[in-house]
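Enquirer:
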Ligand SMILES: C[S@@+](CC[C@H](N)C(=O)[O-])C[C@H]1O[C@@H](n2cnc3c(N)ncnc32)[C@H](O)[C@@H]1O
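Numbering (this note's numbering), first residue to last: 62 to 213.
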């Protein structure tokens with residue numbers, strides 16, 4: 062899979078959004094996770110800090126933290142502007158406003174970046190793309206994909 066960062070729009074969700082969306086219980090958090098298309102989400106970082114076991118797979122993990130951070134900073138305002146233009150298309154609930162959305166996303170991506178270099182070394186962020194992943198059968202208890210062009 063050929064990936065160039067100018068085609069990537071990094072937009073990372075928080076641990077809390079993952080836990081709420083996938084209705085993860087305390088027991089679930091003790092299982093072995095695979096996050097496909099993990100991108101710049103903070104789920105891997107926070108779960109690891111809590112003592113959990115997780116590998117995130119995404120083709121953007123072939124880039125280093127400096128390049129991903131640059132990409133985040135270059136695309137952030139554009140995404141916010143698009144969201145402002147299409148505000149009525151979204152349901153504003155847990156995230157009540159565009160400003161709150163920007164804060165939640167940027168905080169999650171900063172948390173991801175703070176963990177990324179260590180996570181690469183520990184094999185928690187793996188450069189891989191669906192549908193062909195470099196993992197063995199039975200390596201994970203829960204595999205997740207959190208990605209939708211229509212969600213916040
Ligand atoms: C909208 S982002 C969501 C990131 C994260 N799951 C979250 O919710 O914050 C989608 C991610 O899917 C990744 N992606 C796109 N095609 C993929 C593929 N074939 N296999 C794995 N990841 C892919 C992108 O690089 C991007 O990081």
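We put the beta carbon where it would ideally sit given N, CA and C, even for glycine.
All values derive from a computational prediction rather than experimental measurement.
Pair every Cβ in the segment 192-208 with every Cβ in the segment 125-145, then say whether three or more of these pairs are closer than 8 Å.
Expert: Counting Cβ pairs under 8 Å, fewer than three are found: no touch.
Enquirer: Do residue 169 and residue 86 have their CB atoms nearer than 8 Å?
Expert: As a position in the chain shown, residue 169 is number 108, starting the count at 1. As a position in the chain shown, residue 86 is number 25, starting the count at 1. No, the pair does not count as a contact, with Cβ atoms beyond the cut-off.
Enquirer: Answer with yes or no whether the minimum CB distance from residue 119 to chain B is below 8 Å.
Expert: Although the question refers to chain B, the structure presented lacks it and comprises just one protein chain.
Enquirer: Can you give me the Cβ contacts of residue 197 inside the same chain, cut-off strictly under 6 Å, excluding the 5 residues immediately before and after it?
Expert: As a working note, residue 197 is residue 136 in the chain shown. Cβ within range, chain order: n/a, list empty.
Enquirer: Closer than 7 Å to a non-hydrogen atom of ligand 1 - does that hold for the CB of residue 191?
Expert: Position 130 of the chain shown, counting from 1, holds the residue named residue 191. For ligand 1, at least one heavy atom lies less than 7 Å from the Cβ of residue 191.
Enquirer: Buried or exposed for residue 118, going by 16 or more other Cβ atoms inside 10 Å?
Expert: By 1-based counting over the chain shown, the position of residue 118 is 57. Flag for residue 118 reads buried.
Enquirer: Taking the C-alpha atoms as reference points, what is the distance between residue 111 and residue 89?
Expert: On the chain shown, position 50 is the one that residue 111 refers to. On the chain shown, position 28 is the one that residue 89 refers to. About 13 Å.
Enquirer: Quick check on this structure: which residue in 114, 70, 102 has the alpha carbon closest to the alpha carbon of residue 184?
Expert: Here residue 184 is taken as the residue at index 123 of the chain shown, counted from 1. The shortest C-alpha separation from residue 184 is found at 114.
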